[in-house]
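See structure below.
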């Protein structure tokens, strides 16, 4: 069978198995993020190696090359979020595993839905805590400093209470993208 990058896999069952594996990997990443405050590199490497094996099994050398390219493009596309301090390095690497497995388009959809989920939770938190005005003022002040200094500065709020555990939102984004994905192809 000739490799087609627009088809998830050779059969519906293979696509389901790939998604089950990704869901399990995301679950493990989320648990580790809550327990340790970061996603272990061993888990990311396991995801990369498994994704590479799947890509070469499904598409041969062309599938492997495309998988590597899509994983790297995903990594590059979301690296800016790490540089700004919006997410941790493990979160960006986790998104690149999704890009390797399912392609950059699916990874972007996952990131979009994860951003929406995190945004809703953050908005609820800010409204309930009464911190919305102060946080927005601090955020726009930070943007002004970046513009005046003509460089990107990692963003941290004065009231940071720890990690956001963004792996949870990536997992939510993955499930939403999976549920809605077939309608957007």
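Residue numbers (UniProt numbering): 1 to 185.
Using N, Cα and C, we set each Cβ at its ideal position, and we do this for glycine too.
Subject >> Simplified DSSP assignment, three categories, for residue 127 >> reply: If DSSP states are grouped into helix, strand and coil, residue 127 belongs with the helices.
Original post:
Can the beta-carbon of residue 118 be found closer than 8 Å to that of residue 164?
Top reply: yes
Original post:
DSSP three-state call for residue 39: helix, strand or coil?
Top reply: coil
Original post:
Fully enclosed by the region 62-119, which alpha helix (DSSP H) runs are 4 residues long or longer?
Top reply: 89-102
Original post:
What is the DSSP secondary structure of residue 146, counted as helix, strand or coil?
Top reply: helix
Original post:
Which first and last residues belong to the alpha helix (DSSP H) in which residue 168 is found?
Top reply: Residue 168 -> alpha helix (DSSP H) spans 166-181.
Subject >> CA-to-CA distance, residue 109 to residue 178, given in whole angstroms >> reply: 9 Å
Original post:
So residue 51 and residue 27 are in contact, right, with Cβ under 8 Å, and what is the actual spacing, rounded?
Top reply: With 8 Å as the limit, residue 51 and residue 27 do not qualify as a contact, their Cβ atoms being about 16 Å apart.
Original post:
Under a three-way DSSP split, which group does residue 18 fall into?
Top reply: helix
Original post:
What does a CB cutoff of less than 6 Å around residue 22 pick up in its chain, not counting 5 residues either side in sequence?
Top reply: 101
Subject >> Nonlocal neighbours in the same chain, by C-beta distance under 7 Å from residue 65, ignoring five residues either side >> reply: none
**OP:** Please say whether residue 31 and residue 91 have beta carbons closer to each other than 8 Å?
**Re:** With respect to residue 31, residue 91 sits apart: the two C-beta atoms are not nearer than 8 Å.
Original post:
In whole angstroms, what is the alpha-carbon distance linking residue 122 and residue 143?
Top reply: 19 Å
**OP:** Could you check the C-alpha separation between residue 33 and residue 170 for me, to the nearest Å?
**Re:** A direct Cα-to-Cα measurement between residue 33 and residue 170 gives close to 11 Å.
Original post:
Buried or exposed: residue 80, going by 16 or more other Cβ atoms within 10 Å of its Cβ?
Top reply: exposed
Original post:
Between residue 47 and the rest of its own chain, which residues show a CB-CB distance below 6 Å, the 5 nearest in sequence each way excluded?
Top reply: 25 and 97
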